[in-house]
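One line per chain: the protein sequences are A and B, in this order.
Numbered per our numbering, the first sequence spans residues 5 to 241.
Numbered per our numbering, the second sequence spans residues 5 to 241.
Number of protein chains: 2
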Amino acid sequence: MHGMTQIVTQRSANPGRQMAIASQPRPEPRDALDLLEQFGSNVAIERDHEILSQGDRAEYCYKILSGCVRRVKLLEDGRRQVGEFLMAGDLFGFEALDTHDFSAEAVSDVVLRRYPRRMVEALAESQFAFARRLRDMAAVSLRLAHGRLMLLGRKTASERIASFVLEMAERLPGRNDRMVELPMSRTDMADHLGLTIETVCRVLAVLRREGTIAVARGGVEIRDRAGLELMASEPRH
Amino acid sequence: MHGMTQIVTQRSANPGRQMAIASQPRPEPRDALDLLEQFGSNVAIERDHEILSQGDRAEYCYKILSGCVRRVKLLEDGRRQVGEFLMAGDLFGFEALDTHDFSAEAVSDVVLRRYPRRMVEALAESQFAFARRLRDMAAVSLRLAHGRLMLLGRKTASERIASFVLEMAERLPGRNDRMVELPMSRTDMADHLGLTIETVCRVLAVLRREGTIAVARGGVEIRDRAGLELMASEPRH
DNA sequence: CGCGCCTTTGACGGCACTCAATGAGTGTGG
DNA sequence: CCACACTCATTGAGTGCCGTCAAAGGCGCG
C-alpha cells in the first residue's frame, strides 16, 4: 500500500486548551475536525488498561496524542484478533454505530483526547465539511481493513510479517525511515497477523539471519527495504 | 482477465423516483438514498463479467437489483481474496475514495442500478440525512469487515464454513430460513474464506455426514441450526 | 454421446501450531 | 548491589490441519 492516505491529524498546537477562534491569526486550510477540539478533554490511560470495551455504548470518540492502542476482538474460548494498532495522531471510535464492536486497550501508556460522541453527531448534522471528513475517515479505515483481509486470507507467515513491518514503517514518519518502532508485544503482533507468537519469532529470526532486518528491543531496523517489499507481496496497484 | 465488460443500459423504468425497492406496502419513512433514484440508470451484467476494476477511478456507485456480485482483490501471483459477496438490495462503491480498491464481478447474471458518483457527492454536500446515511453504510461495512478479520485470522476451516453458511442464511430473507442459496462457486467460497476449494468441499462433506446440513446444487439446507451456530464460534456479544 | 467445467474424494506433504525448555530483560526486596 | 521472581522472547522437537497433487464423479450443453 504505497503512499496510502493516512489519517493525518494536523498537530493541534494546544491540545489541552480551548482554541479561541477569534485569536487565530491566519488559519491554514483547517481540518474540519478542529471543530471538535473545544469539546475535547485529555485522558491518560496506563499500559494494558482498557479504554473501552466491545459492546459498550459509544459515548466518546478519541484521538491518540501519544502512545499506542490496540483494537481487540475476542472469541468465547479466548482466541483474540487485534484488528489494528493505532499510533499518535490516529483517531478511533468515530466509525461506531450505537455500540463499539472492538475493545480498545493501551499497548503503552497512552494520552488520549476524548470527544463526546453527541458533539460529533451534532457537528456531522450541521457542518458538511465535518460530515465529509468523517466519511473519508471511514473510507480509509475500510480500505485498510480490506488490505488486511488479503493479508489474513491469502498471505504466508513471512509475507504477513514483511507487510506488517513495512506498514508500521510508513505510519511512523520518524526522521529515520529505517528504524521501525514496534511498541506492541509479540503476542499482539501474532494476534494481529493471525499467527502464533512462536511463528512471529521464527520469521523475524529468519529475516535477521538473511540480513533483511535487524531486531532490537522495541523495534526493528530495515536493512534491505527492497527485499522486504518483495517478500511482502503487496496487491497490484 | 475475463472478457470485456458488457454493459447493457436499459431504460430506467421509472425516471421519476421510487424504484420500489421491495414493494413496501406502505410508504415508509423514506430512505435518504431515495434522493439518488432520479439519477440512476439500470445496467445488466453477464455472469463472470467485470463490473469495475481495482484501481479504476470511482465514477459510479451501484445498487444490486438482482443477482450476486463478488468483490475481488488480487496478488501479483494470482492469489485471490473475495472481500464480500453482495446480493439483491446491497449497495457498493459508495465507500470509494477516488479509486476503487476492489474489483467487482458478476457471480450470476446481474442487474444493477448505477448512480453517478458526482451526484452522490453533491447530495452528501447538500443533504445531511444523505450524508448520514452514507456514513452509516460505511460503518456497517466496517463492522462486517471486522468480523471477517476474526474469521480469517483465528477461525478453523469448519468454523469459517459454518459462519459463512449462517451469514448467508441471515442475509437472504427467503421465506424458508433453512434453505440457503449459494450462487457462487466453490472457488469463490474458498477465496472468500481463505481456504482451498478442496477444503471447502471436505468440510461441507463432513457437515453433511454429521447431518448438520444437506448439500444441494446451488445451495445448502440447514438441518441443525443449533449445531451450526455452535460450530461457528461467533464472537461474544 | 462426448466434451468441458465444476465438484468431490483420496493420498501425501509442508507450513504453521503445540508443547516444552532456555534465554533475556525488568522490577522488587533483602 | 545482587538475588530472586516474573514476564516476555527465542529456539527446538514433534504433530496436525490444511494445502498440493491427482483422479474420479456429476452435470449441462452442443
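Using N, Cα and C, we set each Cβ at its ideal position, and we do this for glycine too.
Determine, using beta carbons only, whether residue i and residue j come nearer to each other than 8 Å.
i: leucine 39 of chain B; j: phenylalanine 134 of chain B; result: yes
i: leucine 153 of chain B; j: leucine 79 of chain A; result: no
i: leucine 109 of chain A; j: glutamate 54 of chain A; result: Looking at the sequence provided, one finds glutamate at residue 109 of chain A rather than leucine. Against a cut-off of 8 Å, the Cβ pair of glutamate 54 of chain A and glutamate 109 of chain A comes out as a contact.
i: valine 114 of chain B; j: valine 73 of chain B; result: yes
i: arginine 175 of chain A; j: methionine 91 of chain A; result: yes
i: asparagine 46 of chain A; j: arginine 158 of chain A; result: no
i: leucine 101 of chain B; j: alanine 143 of chain A; result: yes
i: serine 145 of chain A; j: glutamate 238 of chain A; result: no
i: isoleucine 226 of chain A; j: leucine 232 of chain A; result: yes
Tell me the DSSP secondary structure of residue i in three-state form.
i: threonine 160 of chain A; result: coil
i: glutamine 42 of chain B; result: helix
i: glycine 87 of chain B; result: strand
i: glycine 223 of chain B; result: strand
i: glutamate 99 of chain B; result: coil
i: serine 167 of chain A; result: helix
i: serine 237 of chain B; result: coil
i: leucine 146 of chain A; result: helix
i: leucine 116 of chain A; result: strand
i: leucine 199 of chain A; result: coil
i: alanine 92 of chain A; result: coil
i: arginine 61 of chain A; result: strand
Check the C-beta distance from residue i over to residue j and give it rounded, since I have them as a contact under 8 Å.
i: valine 111 of chain B; j: aspartate 228 of chain B; result: Contact doesn't hold; Cβ gap of about 27 Å is too wide.
i: valine 76 of chain A; j: arginine 83 of chain A; result: Contact flag wrong, Cβ pair sits at about 11 Å.
i: leucine 170 of chain B; j: alanine 236 of chain B; result: 6 Å
i: aspartate 105 of chain A; j: histidine 150 of chain B; result: 6 Å
i: serine 107 of chain A; j: glutamine 58 of chain A; result: 4 Å
i: arginine 190 of chain B; j: cysteine 205 of chain B; result: 6 Å
i: phenylalanine 96 of chain A; j: methionine 188 of chain A; result: In fact, because the Cβ distance is near 16 Å, the residues do not count as touching under 8 Å.
i: alanine 173 of chain A; j: aspartate 181 of chain A; result: 6 Å
i: aspartate 52 of chain B; j: isoleucine 68 of chain B; result: No, aspartate 52 of chain B and isoleucine 68 of chain B are not in contact; Cβ-Cβ is about 16 Å, not under 8 Å.
Starting from residue i and walking both ways along the alpha helix (DSSP H), at which residues does that stretch end?
i: valine 124 of chain B; result: 121 to 128
Once you ignore the five residues that flank residue i on each side, which residues in its own chain have a CB closer than 6 Å to its CB?
i: tyrosine 119 of chain B; result: Leu40, Phe43, Gly44, Cys65
i: histidine 196 of chain B; result: Val86
i: serine 70 of chain A; result: Ala92, Val115
For the beta strand (DSSP E) that residue i lies in, which residues bound it at each end?
i: leucine 69 of chain B; result: 64 to 70
i: arginine 74 of chain B; result: 73 to 78
i: valine 184 of chain B; result: 183 to 185
i: serine 107 of chain B; result: 107 to 110
i: glutamate 54 of chain B; result: 54 to 56
Counting only the same chain and skipping the five closest in sequence on each side, list residues whose C-beta sits under 7 Å from that of residue i.
i: phenylalanine 98 of chain B; result: Cys65, Val124, Leu138, Met141
i: leucine 208 of chain B; result: Ile165, Val219
i: alanine 224 of chain B; result: Correcting the residue identity first, residue 224 of chain B is valine in this sequence and not alanine. Correct list, in chain order: Val169, Val184, Leu186, Ile217, Ala218.
i: alanine 128 of chain B; result: Phe134, Ala135, Leu138
i: glycine 215 of chain A; result: Arg227, Asp228
i: aspartate 60 of chain B; result: Thr103, His104
Among the residues of its own chain, which have a CB less than 8 Å from the CB of residue i, if the five just before and after it don't count?
i: valine 210 of chain A; result: Ser162
i: threonine 200 of chain A; result: Ala194
i: alanine 48 of chain A; result: Asp113, Val114, Val115, Leu116
i: arginine 212 of chain B; result: Ala218, Val219
Flag residue i as yes when its Cβ comes closer than 7 Å to any non-hydrogen atom of the ligand MN, and as no otherwise.
i: aspartate 102 of chain A; result: In the structure on display, the ligand MN does not appear, and there are no ligands present to speak of.
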